[in-house]
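Heads up: the structure comes next, in structure tokens.
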Amino acid sequence: MKFSESLKKNREFQKVYSQGKSYANRYLVMYVLKNNLNEKNRVGISVSKKVGNSVIRHHLTRLIRESYRLHEEMFNSGLDIVVVARVSAKEISYAQVESALLHLADLHGIIELENK
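Counting from 1 along the sequence shown, just add 16 to a position and that's the residue number in my numbering.
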């Protein structure tokens, strides 16, 4: 991810949860908050133990991260983004993760889709 960093600390996640705006669909919830890093986005991914064991959780995390990485240039910059996977996302494919992520980003108005 050349334009982004990771959210790592609990207080960073909590700030986005409490002050950010959220939209959700069947598989994912996305929280977005403006940060003061004009050219960088910071992305955090959260997958609860409710979703499954560590293999499933890490697999889902990798799918979300890869989907973001491949579409990173479409996202506006200067944002903190937290993506939370729902239990229903446990067995979905990469294409469904990608579609869900782009749908939420479009709802937030933080990307420009080519086919609009």
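Ideal placement from N, C-alpha and C gives every residue a C-beta, glycine not left out.
query                                                                                                              : result
Cβ neighbours of residue 20 in the same chain (closer than 7 angstroms, five flanking residues each side left out) : 56, 57, 58, 59, 88
Under the three-state DSSP convention, the category residue 108 falls into                                         : coil
Opening and closing residue of the alpha helix (DSSP H) in which residue 80 lies                                   : 70-86
Span separating the alpha-carbon of residue 119 from that of residue 110                                           : 14 angstroms
Outcome for residue 132 when other beta-carbon atoms lying within 10 angstroms are tallied against a minimum of 16 : Because the pLDDT at residue 132 is just 47, under 50, the model does not fix this residue reliably, and the point stays unresolved.
Backbone secondary structure at residue 63 - three-state DSSP                                                      : strand
Residues that residue 142 bridges to, as DSSP identifies them                                                      : Because the chain spans 17 through 132 in this model, residue 142 falls outside it and cannot be assessed.
Under the three-state DSSP convention, the category residue 31 falls into                                          : helix
Sub-9 angstroms separation of residue 98 and residue 64 beta-carbons                                               : no
Reduced DSSP secondary structure (H/G/I, E/B, other) of residue 93                                                 : coil
Which of helix, strand or coil DSSP assigns to residue 21                                                          : strand
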